[in-house]
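Be aware that the sequence shown starts at 1425, since it is given in my numbering, and climbs by one per residue.
Before any comments, here is the structure.
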Amino acid sequence: MALAAESLGVGSVILGLPRPAFTGEKADELRARLGCPDGYDFVIALSLGYATDQKEAHDLREENISWIR
Ligand SMILES: Cc1cc2nc3c(=O)[nH]c(=O)nc-3n(C[C@H](O)[C@H](O)[C@H](O)COP(=O)(O)O)c2cc1C
């Protein structure tokens, strides 16, 4: 979704931080308000918007990559 958004000129930020809201005491209320179907769990959120700034990509961090051949 992030790549698709980028291809349309829309910026995005992946967010995992909302997860506790989906497991906390108001989880049922939140799920109902968002219309989350039963059987689906929160994994990540993706905020979308038009960027007001641009920055270069990070350098490749080879030490963080595991290649499976
Ligand atoms: C699975 C996942 C969850 C993330 N959750 C958050 C988040 O909850 N809050 C946040 O500020 N950034 C979160 N990030 C990082 C942002 O999506 C984004 O990569 C970062 O803010 C961009 O910083 P950078 O360009 O310096 O890497 C998450 C990234 C990943 C891959």
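Cβ coordinates follow ideal geometry from the N, Cα and C atoms, glycine included.
One Cα belongs to Ala1456, the other to Leu1470, and the distance between them is close to 19 Å. For the set Leu1454, Gly1433, Trp1491, Ala1428, the Cα lying nearest the Cα of Ala1445 is the one of Leu1454. Under the Cβ criterion (8 Å, minimum of three pairs), the segment 1431–1440 counts as touching the segment 1465–1480. Distance from the Cα of Val1467 is smallest, within the candidate group Lys1479, Thr1447, Leu1427, for Thr1447.
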